[in-house]
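Below is one structure, written out as structure tokens; the observations come after it.
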Amino acid sequence: MVEVVFGASEAASLKMSRLRNRADEIICLDLGLDVGEIRNLDNESKRSNALETLFRDGTKAGERVWKEYKERVNRYSVMSERLRTLAAEGKTIRIWYGKAPYEVCGYYYTCHLLNDLTDQISAVKLPDVLFRQDTNMPYEVSTMGEIVHEEFPSLLAYEKPLNEWEIEIGAMHWERLMKENAVLRASVNGKPMSVQESFYDFMIENTLSEKPQKEAEVIGNVLGEYEPGIGDGWLAHRIEAGIRKGTVRIAKDDRNPFERWICKK
0 MVEVVFGASE AASLKMSRLR NRADEIICLD LGLDVGEIRN LDNESKRSNA LETLFRDGTK
60 AGERVWKEYK ERVNRYSVMS ERLRTLAAEG KTIRIWYGKA PYEVCGYYYT CHLLNDLTDQ
120 ISAVKLPDVL FRQDTNMPYE VSTMGEIVHE EFPSLLAYEK PLNEWEIEIG AMHWERLMKE
180 NAVLRASVNG KPMSVQESFY DFMIENTLSE KPQKEAEVIG NVLGEYEPGI GDGWLAHRIE
240 AGIRKGTVRI AKDDRNPFER WICKK
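Taking numbering that gives the first Met the number 0, the leading residue of the sequence shown gets 0, the next gets one more, and so forth.
Structure, rendered in structure tokens:
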């Protein structure tokens, strides 16, 4: 069994879980597929260049976000071909994903990668509500990255085999997104859609006030209140855009962009 996840956090948790002994390999496609142009995803340098153009804007925040994405591309791009190789060898594939845009995009991308190679594919999709093992109390999760390693085995109750039509449909969704080649994909009515770069800006604007707050606090509040399924790097990128546009003011600067104080202008 080859396990496929779309974030480094869930890959680490899966490696710590009891399932690690049953896995031939854990493939982590932590490629941030909800962000940046994706038409040249099979070309590492072109993908890196597209992300550099998007994020590297001469600011400290932009440089930090660019380096984060560059590291992910450099580390995980080889995993796509590795997955195809394992599928061609006849390995059974199991995909783990939640409802965050990066995960559903990853699911579509995996269907695209494996569409012509194997029909031995299953998926574990997070339900809207889970129940704690110790108290049986319900709780909500949106991404596999929120699942602790002890709970991964219990999620096998949600595993289902994918038939050829489901794989084909997933691949078609990916090809649509690839053709549109937007710089951002967000969840609209439960599906990843190509959207404008400013899609999440209202969340930042609603969280800011005339009273200065640390940028890290603003980002944390956006993630906690709206649960957009986007990374903090993208929100930092859009705060920088707000500063350039004049809708966000730096009240107190800092060498670390996340430590500076910002407010509405």
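No residue lacks a Cβ here, since even glycine has one placed at the ideal position from N, Cα and C.
Just so we're clear, the structure is a prediction, and the values are computed from it rather than from any experiment.
- The way I'd put it, the stretch 68–77 does touch the stretch 36–49; three or more beta-carbon pairs between them come closer than 8 angstroms.
- When the five nearest sequence neighbours on each side are left out, the beta carbons in the same chain lying within less than 8 angstroms of the beta carbon of residue 170 are those of 107, 110, 111 and 114, in order along the chain.
- DSSP places residue 222 in the helix class (H, G or I) of the three-state scheme.
- Contact between residue 64 and residue 236 is confirmed by a C-beta separation of about 5 angstroms, below the 8 angstroms threshold.
- Using a 10 angstroms sphere on the CB of residue 143, the tally of other CB atoms reaches 16 or more, which defines it as buried.
- Residue 137 sits in a strand when the DSSP states are folded into three classes.
- Across the set 212, 98 and 93, the C-alpha of 93 shows the shortest separation from the C-alpha of residue 158.
- Excluding residues up to 5 positions away in sequence, 110 and 114 lie with their Cβ nearer than 8 angstroms to the Cβ of residue 167 in the same chain.
- The criterion of a C-beta distance shorter than 7 angstroms is not satisfied by residue 248 and residue 214.
- Under DSSP, residue 96 takes part in a beta bridge, and its partners are 124.
- For residue 83, the enclosing alpha helix (DSSP H) starts and ends at 77–87.
- In this structure residue 203 is in contact with residue 217, their Cβ atoms being roughly 7 angstroms apart against a cut-off of 8 angstroms.
- Judged by their CB atoms, residue 32 and residue 138 are not nearer to each other than the 7 angstroms cut-off.
- Distance between residue 184 and residue 98, taken at the CA atoms: about 13 angstroms.
- The residues 27, 28, 29 and 30, in chain order, have a CB closer than 7 angstroms to that of residue 75 in the same chain once the five nearest residues on each side in sequence are set aside.
- A straight-line Cα-Cα distance of about 42 angstroms links residue 136 and residue 246.
- Secondary structure at residue 181: coil, using DSSP grouped into helix, strand and coil.
- When 62, 152 and 57 are compared, the shortest CA-CA separation from residue 21 is found for 152.
- Residue burial is scored here from C-beta neighbours: residue 173 has at least 16 other C-beta atoms within 10 angstroms and is therefore classed as buried.
- Take the alpha-carbon of residue 163 and the one of residue 38: they are about 24 angstroms apart.
- The beta carbons of residue 103 and residue 125 sit no closer together than 7 angstroms.
- For residue 261, the enclosing beta strand (DSSP E) starts and ends at 260–263.
- Residue 186 is bridged by DSSP to 191.
- The beta carbon of residue 19 is closer than 8 angstroms to those of 13 and 25 in its chain, skipping five residues each way along the sequence.
- By the C-beta density criterion, residue 224 is exposed, having fewer than 16 other C-beta atoms within 10 angstroms.
- Taking a C-beta distance under 7 angstroms as the contact criterion, residue 86 and residue 40 do not qualify as a contact pair.
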